[in-house]
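My numbering applies: residue 95 is where the sequence shown begins, and numbers increase by one. Even for Gly, the Cβ is constructed at its ideal location relative to N, Cα and C. Below you'll find the structure, written out as structure tokens, and then a few comments.
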Amino acid sequence: MRRIGKNGVALGAVIAVIGWSGGARAQVADRTVEADPADAPGEIVVTAQKRVERLIDVPVSVTAVDAADLTRQNLTQLRDYFDRVPGLSYTGGGGFTTVALRGITTGRGANPTVSTTVDDTPFGSSSFAGYGDRLTPDLDPSNLERVEVLRGPQGTLYGANNLGGLIKYVTATPDPSRTRAAFEFGGQSIAHGDSGAFARGSVNVPIVADRVAVRVNGFYRQDPGFIDNTLSRVDDANGGRVWGGRVALFARPVDALTITVQALTQDLSGTDAPTVFLAGNGSSSFGRWAAPLSARPVPYAVRNRLYQGRVAWDLGGAELTSITGYGESRYNTPTDSTDRFAGVLTRFGYPGRRAILSNTINTDKWTQEVRLASQPGGTIDWLVGGFYTDEDTVALQSLDAIAGGDSANLYAGNIPSTFRDLAAFGTLTWHFTPAFDVQFGGRIAENRQVYRQALSGPLNGGTTANVQRFRETAATWLVSPRWRIGRDLTAYARIASGYRPGGPNTNLPSLPPSFESDRTTNYELGLKGLTPDRRIGFDVSLFWIDWTNVQLSGNDPASGYLFYTNGSRARSRGAEATIDLRPWNGGTVAVTGAWTDAALTRDLPAGRTAALFGTEGDRLPYSARWAGSVAADQDVALGNDVTGFVGGTAVYNGRRIAEFQARAGVPRVTLPAYATLDLRAGVRSGPLAFTLFARNVTDQRGRLGAAYRTAATPAGGTAISVITPRTIGLSVGYSY
């Protein structure tokens, strides 16, 4: 339901506020009317291989997303921009974020297939115990310089949980050469929904000229809701608030030594999820933007903290780098799990009640990496390193049968777990000629896990306690020939592997005691280049991924407990392309596209402990066969130091199939293709800047995912996560 000013925020009020984020200002300022070859697509710098390299030289399929572009368009969450990155899929809501790359996923509820780092520090849980697949860190771009998305397994350099790829957040380093400050304030209004405000700010201050500097960032935003909860009678129920910041200190005591320490924080709180219910015929059961989400608003909270220290020492012929990180992840929410536990409610004498499953997940994670890398330019480039992580998670769960104000506890669990990983890794690049080289790499890792359970309640059959242990060794490797056809043209081949750790199961006689790791092997050909006039840049890749011993999650029919097993094989094959054009002065066009064919190559296993049902040829969840985007921007010199810009982005996300079902004969949910259009325009005059943006201009109701196995029968309806409706916003700012 449309409501203006619920939070006391009107778009007109923010027009008078002066402010602008550093990222947004950089984006406008860098868009000069005359094309600058130095800022051509091939000159983008990334650290995908743990070295600073031009994107065009890296023999990996990488997309680098500029945080300045994101803040300028107010694309603040992965759900806002995932469809601009080839091969990246997303589903989530209500505090959850699940991503996959190149279609490598069987759905939510297992160990993650995509890992996340912040400045080379792994962030988020490595295992199912810490909801590693559903609590993917989703950082606001205000704290970032760019987001690097690495496609294909990255097990050699980045370790576990890189079956499909890696999301790498890169923060801005404090600059000891100059003082800068920037601030932005704005607001947005959602069709059929609420309105909200946002603010961002950054300050960079040198403490000792060219030696020491500090950078401080902060942000706050209101994410307006747009789903009316027909049970709680709360309009725009799925709103949330996000706030956070970062403090970083950079020091160069001597020319050969740099030290960077930082603390980053981000908090998210909200209620309900962006979900609607569809009847069996596909129509909206309760209205286009309404759903019976819960009798009361369901709150959730996600908190992320990261503390990191980085030391880099230039030894002359090599650089020694040490990165120490400590991360905290917190999540809690009560979830309506009536569909999942309907049989349990009846069996224990509570038919017709709602089953509320409350979850609290607390994860603390220490990481340490030390690596030594040769200086480039020799016949052989090499990198060797060691890595250790110590992860502790405490999961608190309770299952209650609710009817009005009456509550009966069926289950309570206190489940602490530990995950330890020790690894050694290295790469060697042999330059056979100045134009041709081959990279070899390998990693050996051992992980140990301890899984403790203290369970009680009638569903558990009383009070029990047990301890389970798991240990495994895993090896990953890569081989990558590269041919530098010219300075601005690179062809490469890549064969690389990745793995996802196994682990212990719930201690029930009917379930396997543990599950094993699964693995992917990626075969890839790529071509990256720039035309001689440097007006066209391109990045094209073809890939084939074999996925073996696939991990599957399911629910035990007797107890309802979640468990894990292995079985089946799958493959993903496809093509990805990115083309950046500067067809005329002041104009840029960016085109992305992906064709992905991800499917089972063997039936999912049947039997008593069958987790999911699927047959050979079935598509893997949430992977669109076709997807792409086109973005165009134009800068216009308006005179008297005034510059304007206009732009737009069209996105297409093809037809997808939701998760495998846990019941035989139940069809999987189909998510139709959808297309959206975003528009933007702005003016900069000296230090002042104004930006108007509109997202999903045609007000499409695209479907991102089906709620976790709620489609029990075709006639019973399906809970669908939807994209944000048409959003119009304005920001205004100041920088120096």
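Whether residue i touches residue j by CB criterion (7 Å)
i: residue 599; j: residue 513; result: no
i: residue 429; j: residue 477; result: no
i: residue 372; j: residue 355; result: no
i: residue 179; j: residue 259; result: no
i: residue 650; j: residue 667; result: no
i: residue 239; j: residue 262; result: no
i: residue 391; j: residue 336; result: no
i: residue 694; j: residue 670; result: no
i: residue 232; j: residue 206; result: no
i: residue 224; j: residue 557; result: no
i: residue 616; j: residue 590; result: yes
i: residue 169; j: residue 184; result: no
i: residue 576; j: residue 633; result: no
i: residue 812; j: residue 763; result: yes
Residue closest to residue i, alpha-carbon to alpha-carbon, out of the options
i: residue 610; options: 596, 601 and 617; result: 596
i: residue 537; options: 631, 144, 568 and 141; result: 568
i: residue 574; options: 799, 542, 179 and 248; result: 248
i: residue 157; options: 713, 631 and 414; result: 631
i: residue 308; options: 341, 314, 332 and 321; result: 341
i: residue 425; options: 419, 694 and 399; result: 399
i: residue 284; options: 815, 800 and 787; result: 787
i: residue 357; options: 366, 445, 266 and 287; result: 266
i: residue 541; options: 510, 458 and 481; result: 481
i: residue 782; options: 774, 826 and 751; result: 826
i: residue 422; options: 444, 149 and 461; result: 461
i: residue 798; options: 360, 511, 753 and 637; result: 753
i: residue 475; options: 449, 534, 492 and 484; result: 534
i: residue 448; options: 320, 494 and 585; result: 494
Straight-line Cα distance separating residue j from residue i
i: residue 804; j: residue 434; result: Low per-residue confidence applies at residue 804: pLDDT is 42, beneath 50, and the placement is therefore not dependable enough to give any value.
i: residue 823; j: residue 645; result: 43 Å
i: residue 394; j: residue 145; result: 39 Å
i: residue 790; j: residue 409; result: 52 Å
i: residue 679; j: residue 785; result: 21 Å
i: residue 738; j: residue 176; result: 27 Å
i: residue 271; j: residue 463; result: 29 Å
i: residue 441; j: residue 289; result: 45 Å
i: residue 820; j: residue 382; result: 14 Å
i: residue 806; j: residue 720; result: Legend: pLDDT at residue 806 = 40, less than 50; position of this residue unreliable, value from coordinates given subsequently. Using only the alpha carbons, I get a separation of about 28 Å.
i: residue 564; j: residue 280; result: 50 Å
i: residue 583; j: residue 685; result: 19 Å
i: residue 661; j: residue 730; result: 57 Å
i: residue 187; j: residue 317; result: 12 Å
i: residue 578; j: residue 298; result: 39 Å
i: residue 479; j: residue 639; result: 27 Å
i: residue 552; j: residue 490; result: 17 Å
i: residue 348; j: residue 402; result: 21 Å
Where the alpha helix (DSSP H) containing residue i begins and where it ends
i: residue 824; result: Taken as a continuous stretch (DSSP letters only), residue 824 belongs to no alpha helix (DSSP H), being part of the beta strand (DSSP E) at 821–829.
i: residue 163; result: 161–166
Three-state class that DSSP yields for residue i in the structure shown
i: residue 436; result: helix
i: residue 309; result: strand
i: residue 518; result: strand
i: residue 235; result: helix
i: residue 817; result: coil
i: residue 216; result: strand
i: residue 176; result: helix
i: residue 552; result: helix
i: residue 137; result: helix
i: residue 688; result: strand
i: residue 834; result: An answer regarding residue 834 cannot be provided, because it is not within the stretch 95 to 830 covered by the chain.
i: residue 628; result: coil
i: residue 198; result: coil
i: residue 204; result: coil
i: residue 633; result: strand
i: residue 108; result: In this prediction, residue 108 has a pLDDT of 32, which is less than 50 and means its spatial position is unreliable; nothing more can be read from the coordinates.
i: residue 321; result: coil
i: residue 731; result: strand
i: residue 366; result: coil
Start-to-end residues for the beta strand (DSSP E) that takes in residue i
i: residue 249; result: Per DSSP, residue 249 belongs to no beta strand (DSSP E); it is in the alpha helix (DSSP H), 249–252.
i: residue 459; result: 448–468
i: residue 562; result: 558–580
i: residue 763; result: Premise fails: residue 763 is in no beta strand (DSSP E) and is neither H nor E.
i: residue 426; result: 412–430
i: residue 278; result: 274–284
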